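One structure is given here, and the rest of the page talks about it.
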Amino acid sequence: MAGRRWRAVVGGIGEVFITIGVVLVLFVVWQLGFVAIVDSNAQRGVVSQLEAQFAAGGEGLPEIPLTPGGTTTDPGGATNTPKVTLEDGKVFAILRVPRLGGPGGPARSTRGSACRPWPRAWAATPDTALPGAIGNFAVAGHRAGHGNPLIDIDAIREGDVMVVETRSGYAVYRAQRHTIVPPTSVDVVAAVPQKPGVKPTEAWFTLTSCDPRFSSTNRYIVFAKLERVIPRAEGLPADLLADPR
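In terms of the numbering used here, the sequence shown opens at residue 756 and continues consecutively.
Laid out in structure tokens, this is it:
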């Protein structure tokens, strides 16, 4: 009798754990599947609205000065911009990374993702430099959840184009390298990446997400350097958004 009772108790506990496991799996599928699709569609809507605002002159959006021409080794290609106040939660730029989805690729990347001041699914780090400015324009994005915007961040390769579009024009960066660091390594967003206290003379862009995928144990970091800035009136050359895959 005691043995049967014990087996019944163990069996009941086992069923509870199985049920909990099934619920957790369903939650993950819901969070990373259905919710991701909903968030991704919402993100596309935000990007479309921002594109329309840019086309209409960008009224109501912060004007971020961009100086055309030059390279990052020639400070004439970047500019120390005046102070621009960015409103928390309000979009101000579009990030396009062709490697993460050119023609026929994921819509979230093909159309771009909206950048906002901290905190949001895509967020510019507090005290970051502005796009195209000397210093470090640092942006963090979720790898899983909130539309999974950077789920494939580890696919970015050295030399890949990363374009930041504002109402003023386009800041074109080229990926230089990546690293994986613990969450405490905040020096990656220093004005000179990983060299806190050093005065910047070049314009950098740092993209941050979690690592490994579906975890937040570490941070996956991509460093890119400004190649050139293009005024909106000149338009963005189509080849810059070509899928490199």
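The beta-carbon is built from N, C-alpha and C at its ideal position, and this holds for glycine as well.
If you're wondering where the values come from, they're calculated on a predicted model, not measured in any experiment.
How would you call residue i, buried or exposed, if buried means at least 16 neighbouring beta carbons within 10 angstroms?
i	result
Gly990	exposed
Thr961	buried
Met899	Contrary to the premise, residue 899 reads as Ala rather than Met in this sequence. Buried, since its Cβ has 16 or more Cβ neighbours within 10 Å.
Trp785	Reliability of the predicted coordinates at Trp785 is poor, the pLDDT of 46 falling under 50, and the value obtained from them is presented with this limitation in mind. Exposed: under 16 other Cβ atoms inside 10 Å.
Pro999	exposed
Pro986	exposed
Ser803	exposed
Arg912	exposed
Gly924	buried
Pro992	exposed
According to DSSP, simplified to helix, strand and coil, what is residue i?
i	result
Leu991	coil
Asp705	As shown, the chain starts at 756 and ends at 1000. That puts residue 705 outside it, with no answer to give.
Val894	strand
Val852	coil
Leu981	strand
Glu806	helix
Val944	helix
Leu996	helix
Val801	helix
Gly924	strand
Ser971	coil
Leu841	coil
Pro986	strand
Is the shortest distance between the beta-carbon of residue i and the beta-carbons of chain D less than 8 Å?
i	result
Phe892	Of the protein chains in this structure there is only one, and it is not chain D.
Taking residue i as the reference, give the member of the options with the closest Cα.
i	options	result
Trp959	Val916, Gly890, Val936 and Pro853	Gly890
Gly896	Ser971, Ala988, Glu818 and Asp998	Ser971
Glu806	Val927, Glu920 and Pro967	Glu920
Asp966	Val846, Ile935 and Val916	Ile935
Asp915	Glu818, Leu821 and Leu996	Leu996
Leu841	Leu821, Leu816 and Pro820	Leu816
Thr939	Ser923, Thr963, Val927 and Gly952	Thr963
Ala888	Val941, Glu818, Glu957 and Val801	Glu957
Look up residue i in the DSSP assignment and give the residues it is bridged to.
i	result
Pro820	Answer is none; Pro820 lacks a bridge partner.
Val936	Arg974
Thr963	Ala895 and Ile976
Ala930	Ala979
Three CB pairs or more closer than 8 Å across the stretch 971 to 980 and the stretch 928 to 938: By the Cβ rule, the stretch 971 to 980 counts as touching the stretch 928 to 938, because three or more pairs are nearer than 8 Å.
The stretch 966 to 977 / the stretch 900 to 920 touching (three or more Cβ pairs under 8 Å): In short, these stretches touch, since the Cβ pair count reaches three.
The stretch 811 to 823 in contact with the stretch 849 to 858 per 3-pair CB rule at 8 Å: For the pair of segments examined, the stretch 811 to 823 was found not to touch the stretch 849 to 858: the number of CB pairs separated by less than 8 Å stays below three.
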